[in-house]
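Here is the structure we will look at.
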Amino acid sequence: MIRTRFAPSPTGYLHIGGVRTALFNWLFARRYGGQFLLRIDDTDVGRNQPEALQPILDGFRWLGIDWDEGPEVGGPYGPYYQSERLDRYQAAVKTLLEKGLAYYDYATVEEMKAEREAAERAKRPFLYSRRWMAETPADRARWESEGRKGVVRLKMPREGVCRFYDHIRGDMAVEWTHEADHVIQRADGSCLYNLANVVDDHDMRITHVIRAEEHLSNTPRQIFIAQGLGYELPEYAHVPFVAEPGSKNKLSKRKLAQYLKNPDFRQVYEHGKAIAAVLGLPASAETFNPVIVDFYRQVGYLPDALVNYLLLLGWSLDDKTEFFTRAEMIRHFSLERINKSAASFDAKKLRAFQERYMALEPVERKTELVLPFLQKAKLIPRPAPAEVVQRVMAIVRAAGERIKVAGDILDYDAFFVPTERLNYDDKAFTQHIRKPAANALLRKIRQRLETAAFEAKALELLIQEFAQTEGVKLNDINQPLRVAVTGKAIGFSTYETLALLGREHCLERIDRVLAQTEGL
RNA sequence: GGCCCCGUCGUCUAAUGGUUAGGACACGGCCCUUUCAAGGCCGCAACAGGGGUUCGAAUCCCCUCGGGGUCACCA
């Protein structure tokens, strides 16, 4: 039975890079009918609060990445919070101590630092002198009586080579002497990541450790611990991290300002921000950031689009397949086809996937996706009455592929606000309405609309005929009309717009702009 | 700096000794068109460099250069 895991720290948000690693773990487990679990890496602090975990769990659920064991679902190998597993770690430390694979050490932080710096000055690799390694209980007692605090360090081999196989990197070999005597237990008895991780992976029967490349250099010391504890080693696969737009640095949520210099990244961000502004969502970099998964949920992306994009960020099936259903991803996923080098995050390409996915959704589904956005913007009531849903569906149908993310429905607010609250885009107004010719044409077409049938096809014929008799281009009448009734120079078909709005609203709005441009 | 990893169009990638180095996103042009999208067609654009091995190298070997990760009582 294949078992993989993802071990997030409860930081309050789900990072794009983390999610991709989790996705690879999930796919690999599902591919072989195995299990995927979530374990919470909260060894570090007491400040871990449930509210910092919730967004992460919500994010996974939204993406459809489910876990067989872990928070909220339990499982036979719990607890799944490292903060609740201290006894296991301490037992492991005891074993390592007994086997002579670890030792109590009484060096102060300053003393260690001094040794490190001395080595640096001498331009030789740092290797701890083990000056304060307690070899006997008497040593411990003596140093403790001096007021020193003892930590437990790994007693790493100082000769030989650590060899292991990595499913992505191939055969690895690292000299043991390059591994420092890392601390595994603090003076207060709490334990550190490298130890906890190994113990948990073993206790939870993890067979394949698929994690970010930055952990590659932790692997020898973890192997040392695992072997010391008599564990069977898991298989390893170190996936390259997700890099910044246009660079090879690791993607970080703290560098939003820098990424915004990238035009593609900026465009995606600004688009989302405009939607957030209408919804009144807070837009701090902490929560509203294209590096964070929740950004896409808030703006109305489809989880399948995000997952598909992430899948292809560092993995590919062949030279042509771009679109994968979940079932297809699961069927085809393999560690061997993960790339070795870091892949830059390209928000624009993610958006392209989103557009393709959205275009595939039937109108009914798009309508469902869009309703909550209209409700959050207080443009329609919650719950929405049937006739409102029908109306929204008609608008969604008319908008077609212009709705690229669910939040784009907010571009069509003109259909939901009363005439007096309709906002006119300044530029559109100046260009298409505030002109004597436009005023005259609007006045004339208004008359025709009074008696016209408000149906798209009929309106199209009417306006075409009107333009011809007036001797003007279709554009000369369509644009003023569109701006008059929607406030914007862009949108779907003018004829459909008028029809959907209805005679009453259209006349009202035309009257409003006529009044404003009187006497030009 | 030590150790480790990586290096094909701007970006994501295909190619596993023999291809005019393919596709996608982005970008540019044209067409379509009542605006805006969408769509159609065309185009721009890469094997980091140098040595080998070989009849033949993006692919194998070596060196150089470049980029990144890691060197915590963080995870």
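For the working numbering, count along the first sequence from 1 and bump the result up by 3. For glycine and all other residues, C-beta sits at the position ideal for the given N, C-alpha and C.
Beta-carbon contacts of residue i that lie in its chain and below 7 Å, excluding the five residues immediately before and after
{"i": "P483", "result": "H435, I436, A441, L444, L445"}
{"i": "F432", "result": "V486"}
{"i": "G163", "result": "W179"}
{"i": "I448", "result": "F469, I480, L484"}
{"i": "R451", "result": "L465, F469"}
{"i": "R515", "result": "T422"}
{"i": "S344", "result": "P243"}
Which listed residue (the options) has its alpha carbon closest to that of residue i
{"i": "L382", "options": "A417, A456, A389", "result": "A417"}
{"i": "D191", "options": "A459, V155, F39, P140", "result": "V155"}
{"i": "A94", "options": "E138, L198, L60", "result": "L198"}
{"i": "L30", "options": "K352, I341, L259, E162", "result": "I341"}
{"i": "T222", "options": "Y239, R208, M207, D142", "result": "Y239"}
{"i": "L353", "options": "P293, K343, E339", "result": "P293"}
{"i": "A105", "options": "M396, G150, K158, W70", "result": "K158"}
{"i": "D206", "options": "H181, D174, G150, Y80", "result": "Y80"}
{"i": "F336", "options": "K351, L313, A350, A346", "result": "L313"}
{"i": "R359", "options": "P306, Q378, M332", "result": "P306"}
{"i": "R119", "options": "S86, A144, A183, P140", "result": "A183"}
{"i": "D71", "options": "L517, A389, L195, A32", "result": "A32"}
{"i": "Y84", "options": "G62, N28, F129, D203", "result": "D203"}
{"i": "P365", "options": "F291, R385, V399", "result": "V399"}
{"i": "I68", "options": "L89, K430, L40, V488", "result": "L40"}
Beta-carbon spacing of residue i, residue j below 7 Å
{"i": "L254", "j": "E247", "result": "yes"}
{"i": "T3", "j": "N481", "result": "This structure does not reach residue 3, given that the chain is present from 4 up to 523, and the question cannot be answered."}
{"i": "V245", "j": "R8", "result": "no"}
{"i": "R208", "j": "R6", "result": "yes"}
{"i": "A459", "j": "A502", "result": "yes"}
{"i": "W146", "j": "R300", "result": "no"}
{"i": "L17", "j": "V408", "result": "no"}
{"i": "F348", "j": "N311", "result": "no"}
{"i": "I171", "j": "V201", "result": "no"}
{"i": "G153", "j": "Y107", "result": "yes"}
{"i": "G490", "j": "G410", "result": "no"}
{"i": "S86", "j": "D45", "result": "yes"}
{"i": "I333", "j": "R34", "result": "yes"}
{"i": "L316", "j": "A346", "result": "yes"}
{"i": "R127", "j": "H185", "result": "no"}
{"i": "A350", "j": "V420", "result": "no"}
Residue i versus residue j - alpha carbon distance
{"i": "F327", "j": "F376", "result": "27 Å"}
{"i": "M361", "j": "L372", "result": "10 Å"}
{"i": "D428", "j": "G15", "result": "38 Å"}
{"i": "I187", "j": "E325", "result": "44 Å"}
{"i": "R189", "j": "Y168", "result": "31 Å"}
{"i": "E138", "j": "G233", "result": "23 Å"}
{"i": "E521", "j": "L504", "result": "24 Å"}
{"i": "H181", "j": "S132", "result": "14 Å"}
{"i": "A461", "j": "V395", "result": "22 Å"}
{"i": "A380", "j": "E507", "result": "24 Å"}
{"i": "M4", "j": "V212", "result": "14 Å"}
{"i": "L284", "j": "A277", "result": "10 Å"}
{"i": "T472", "j": "I493", "result": "25 Å"}
{"i": "L100", "j": "P74", "result": "32 Å"}
{"i": "E216", "j": "H241", "result": "5 Å"}
{"i": "P266", "j": "Y109", "result": "53 Å"}
{"i": "L56", "j": "R42", "result": "11 Å"}
{"i": "I412", "j": "E113", "result": "60 Å"}
{"i": "R329", "j": "Q378", "result": "30 Å"}
{"i": "L26", "j": "G103", "result": "39 Å"}
{"i": "D414", "j": "L282", "result": "12 Å"}
{"i": "S250", "j": "L89", "result": "40 Å"}
{"i": "K476", "j": "G62", "result": "51 Å"}
{"i": "C509", "j": "L263", "result": "40 Å"}
{"i": "V76", "j": "K116", "result": "44 Å"}
{"i": "G78", "j": "E404", "result": "44 Å"}
{"i": "S148", "j": "T111", "result": "14 Å"}
{"i": "K369", "j": "F495", "result": "17 Å"}
Nonlocal neighbours in the same chain, by C-beta distance under 6 Å from residue i, ignoring five residues either side
{"i": "A176", "result": "V164, R166"}
{"i": "I59", "result": "P11, L17"}
{"i": "A288", "result": "L259"}
{"i": "G20", "result": "F244, V245, L254"}
DSSP bridge partner residues for residue i (one or two, in chain order)
{"i": "W65", "result": "DSSP lists no partner for W65."}
{"i": "A1", "result": "Within the shown structure, residues of the chain are numbered from 4 to 523, placing residue 1 beyond reach of any answer."}
{"i": "K253", "result": "A246"}
{"i": "G490", "result": "According to DSSP, which records beta bridges pairwise, G490 is partnered with nothing at all."}
{"i": "A105", "result": "L157"}
Sequence-distant residues of the same chain with beta carbon closer than 8 Å to residue i, five excluded per side
{"i": "N252", "result": "A246"}
{"i": "E511", "result": "T422"}
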